[in-house]
Structure formats: structure tokens, C-alpha cells
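Here's the structure we're looking at; comments come further down.
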Amino acid sequence: MTRLYTCNLHVHTCLSPCGDLDMHPSAVVEEAVLQHLDIIAVCDHNTSGNVRYVQKAAEGSGLTVIPGMEVTTREEVHVIALFESVEQLESLQEIVYEHLSGLNDEKAFGMQVLVNEIGEVEGFNERLLIGATDISLETLVEKVHESGGLAVAAHIDRPSFSVLSQLGFVPGHVPFDALEISARLPFDQARSRFPELAGYTFITSSDAHFVHDIGKTCIRMNLEEPSFPEIRLAFEKKKGRYVLE
Amino acid sequence: MENNHTRKTQEMTLQTLIDELGLKCKCCWEKLGNEIEGGYAGDLLSDVMGNSKKGDIWVTRQVHLNIVAVASLKEHAGIVIVQGASPDKDTIEKAQKEGIPIMVSDLPEFELVGKIYHLMHHAQ
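If you read the sequences in order, they're chains R and C.
Quick note: the first sequence, position 204, residue 204 per this note's numbering, numbers continuous.
Quick note: the second sequence, position 121, residue 1121 per this note's numbering, numbers continuous.
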């Protein structure tokens, strides 16, 4: 039996320099539950450090937390990587850190706080998470797939850090599993604006950096259960699973 | 971004740039006689698609395969990649196939653009 699940597959936490400090794991979970979300994916910039804490905070809440990361390629394209397990995410994390240089400047970019499931500060990430890796788009998508993940081109309609702004068009040979459109563009407008991308699955999300954005611009996916393999099927439009537009 | 387009005042080819500025050509040597009509600098391909013109020499730090398609679409005279960056192998292969000369320079984008601009407008 399948049914529609409400999902936001692009949520930041206070570990992203641009993420609001109120976006600590239990607050993210609380708001997601309040907004009747079934699934969220935690996607901080180039880091996975708060994912485990959000998962712990969600234990017993009924909310499914998908491990994810928003990686910046060397072309400065943002790509959302989604995984079934934190271990898979952490294997990508190793690669990303190997290819990400520089240290954060809190005054310029914001704090990068690791916070556990009960709101205690566990530490600060000192890397320049806002920076770009030197991994090419092609290689990144390949690495995400090798680690068992799904690769989604982030907010393709945005004028910065999107595959369209950086590269002019979606390179046909890069096997994206889905394309994300931003909160400002409804599905029907996105479809008429990008007829050449008709073959791709679209998702939309609020790219939440603030608590009040978590419940905005979600997608509804027809799934059998709120799990990663089901999301994959929905992206592939297989076995009756799909993203509702 | 909108103001970084320039049109030349002197006749100039890609070979002139190579001779004067020490650029290294990576492909399409047979096209170094391409005449340069103007120039454009930019790393956002959406911007370059929107604002560059036919016959431009395009100066960029972007090395992705898509630069070839953009240069081909806009009928650029050629591409110069700056800051000592190396274009990907598939970028070169595609450029060779599409007939888009790619040259590289060790100079930063700002300096190279300044030199090209000077050559275009002050060459004797």
C-alpha cells in the first residue's frame, strides 16, 4: 500500500555557516513534527556533522531523517547528496574534506556549531564550509553514486550556485537523479520554463536556513514507507512511486 | 558583469594573442587565424550565454565541458582559460571536435583581460 508522504529534502542546521543558530537538531525535529512532515533530509554545506544528532532527536517522533549533504563542486554548483545510512554519508564526507581547503571566518560567514540532540554544543567546525571543493561536478555525482547515494542538482532556477547559473545548462551526461527547483518557482511554472528538462524528476524544497522555513515548500511523494529506497523509487518513477507535482 | 564587454579598435587574431601574451594553445591550432571581434570575461556560463557576442575572445576560469558548448553557441573566436588552470581532457576533446580553440594562460583573469584590452585598443 502506498500513500503520500510530506517531505522536505533540503534542510540545513546551525552547522551550516548560513544556517540560523536556532536550527539545532531538536528544534529542527520539533518544527518538522509540528508541520506534519514525514521525512526531512539534513543537508548542511559540505559537512555531515549534525546528521546523527538530528536522527537521535527524531527517535520516537515518527519523523524520518535522511542523511544528506549539500556539496559545492569546483564549478560552484550546489549538489544535494542523499544516502540511506550515515556511514555512506560519512564516506562521502571524507572525500569532500580531502578536497575542501580554508578555514572559516565566523565574522564573515557565520558560526558552524555542532549541537547534540538535547541542545548541548558539542563543538565548532573550523573548516571553510561555505567554500567550494575542487571536485568536478561529474566526479562528485560519480562519488555520490559509488557511495550508494542519490545526487540532486540544487535550486536550479536560482541565479547563484546552481547548475544553470554556473554552467548555462544541465550537462546531459551527468546522471542527476533529480533536479531541485527553489521555493519561488511552482512546479507548473518550472515545467513550462524548462521544457528541455522534461525527462528529469523535479523536487522542490524550502532550502530551510531558519526554523520557520522547515514546513514551507515541501513535496509530497507517493511511497510505501518513509525510507531511502522508496525515495529512490519515487525519483525513478517506478512501482507506482512518484513525486507529486 | 554587464560592463565587461568590449569591442576592438584594431585587427587582431588569436595568433596575435599567443605571440604577444604567451598563451599556450591546447587545440584547434588550424584556427589561430580566427579574427577577434571583441572580448568578454566571465565565469558564470549563464551570464556569458546572455551577454557575450559573436567573434569574442572569452576569458574565463571555468574549465567545465560546458564552456565548449557556450563558445560554440555564441560563435566565439576562442576561449582563454586563466590562472594556470587546466581544462579537463573531455573539454579539450569536445573543443577539438567543435572547432573551438582553447588557450591557457598562467596570468590571473584581471591581468590577462587588462593586457588583451590594451592590445585591442592601443596596438599600433
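Glycine residues also receive a C-beta, built at the ideal position from the N, C-alpha and C atoms.
Between the Cα of residue i and the Cα atoms of the options, which residue gives the shortest distance?
i                      : options                        : result
residue 36 (chain R)   : R:230, R:243, R:219, R:175     : R:219
residue 9 (chain R)    : R:194, R:180, R:17, R:190      : R:180
residue 201 (chain R)  : R:175, R:72, R:209             : R:175
residue 11 (chain R)   : R:50, R:169, R:106, R:231      : R:50
residue 1093 (chain C) : C:1033, C:1064, C:1023         : C:1064
residue 1105 (chain C) : C:1011, C:1021, C:1014, C:1012 : C:1021
residue 1012 (chain C) : C:1066, C:1024, C:1032, C:1113 : C:1032
residue 1056 (chain C) : C:1050, C:1035, C:1066, C:1097 : C:1035
residue 30 (chain R)   : R:16, R:123, R:54              : R:54
Residues in its own chain within less than 8 Å of residue i by CB, not counting five upstream and five downstream?
i                      : result
residue 1054 (chain C) : 1037, 1074, 1075, 1076
residue 34 (chain R)   : 215
residue 90 (chain R)   : 48
residue 126 (chain R)  : 103, 104, 112
residue 1085 (chain C) : 1061, 1063, 1104
Got a sec? Which residues, its chain only, sit under 7 Å from residue i by beta carbon, not counting five neighbours each side?
i                      : result
residue 1109 (chain C) : 1041, 1059, 1061, 1082, 1083
residue 1095 (chain C) : 1027, 1028, 1068, 1102
residue 216 (chain R)  : 183, 206
residue 85 (chain R)   : 67
residue 26 (chain R)   : 57, 117, 118, 119
residue 1043 (chain C) : 1060, 1061, 1062
residue 1107 (chain C) : 1082
I'd like the span of the beta strand (DSSP E) that includes residue i, first residue to last.
i                      : result
residue 57 (chain R)   : That residue, residue 57 (chain R), is in no beta strand (DSSP E); its alpha helix (DSSP H) goes 51-58.
residue 195 (chain R)  : Neither: residue 195 (chain R) is in no beta strand (DSSP E) and is coded neither H nor E.
residue 1073 (chain C) : Where residue 1073 (chain C) is concerned, there is no enclosing beta strand (DSSP E), although the alpha helix (DSSP H) it sits in stretches over 1066-1073.
residue 1057 (chain C) : 1056-1060
residue 179 (chain R)  : 178-181
residue 70 (chain R)   : 64-72
residue 208 (chain R)  : Residue 208 (chain R) -> no beta strand (DSSP E), and no H or E assigned at all.
residue 39 (chain R)   : 39-45
If you drop the 5 nearest sequence neighbours on each side, which residues of the same chain put their C-beta closer than 6 Å to that of residue i?
i                      : result
residue 1124 (chain C) : Any answer about residue 1124 (chain C) is weak, because its pLDDT of 47 lies below 50 and its placement is not dependable; what the coordinates show is given next. Cβ within range, chain order: n/a, list empty.
residue 99 (chain R)   : 133, 134, 135
residue 22 (chain R)   : 211
residue 41 (chain R)   : 9, 66, 68, 82
residue 239 (chain R)  : 233
residue 1019 (chain C) : none
residue 1100 (chain C) : 1068, 1071, 1072
residue 147 (chain R)  : 88, 91, 92
residue 1001 (chain C) : Residue confidence for residue 1001 (chain C) is low, a pLDDT of 42 falling below 50, so the modelled location carries little weight; the figure read from the coordinates is stated next. Excluding sequence neighbours, residue 1001 (chain C) sits near 1047.
The alpha helix (DSSP H) with residue i in it runs from where to where?
i                      : result
residue 232 (chain R)  : 228-236
residue 1050 (chain C) : 1045-1051
residue 1129 (chain C) : For chain C, the structure presents residues 1001 to 1124; residue 1129 (chain C) sits outside this window and is missing.
What residues from chain D crowd round residue i, counting only those whose CB sits closer than 9 Å?
i                      : result
residue 1070 (chain C) : Included in the structure are the protein chains R and C, with no chain D among them.
_Uninterrupted beta strand (DSSP E) stretches inside the stretch 112-163 of chain R (no shorter than 3 residues)_ = 113-115, 121-124, 150-153
*Which residues, in order along the stretch 122-151 of chain R, keep a beta-carbon less than 9 Å from a beta-carbon of chain C?*
136, 137, 138
*Residues from the stretch 1074-1102 of chain C in contact with chain R, defined by Cβ distance under 8 Å*: 1088
_Positions along the stretch 71-83 of chain R whose CB lies within less than 7 Å of some CB in chain C_ = 75
*Counting only runs of 4+ residues fully inside the stretch 1069-1108 of chain C, write out the alpha helix (DSSP H) ranges in chain order.*
1089-1098
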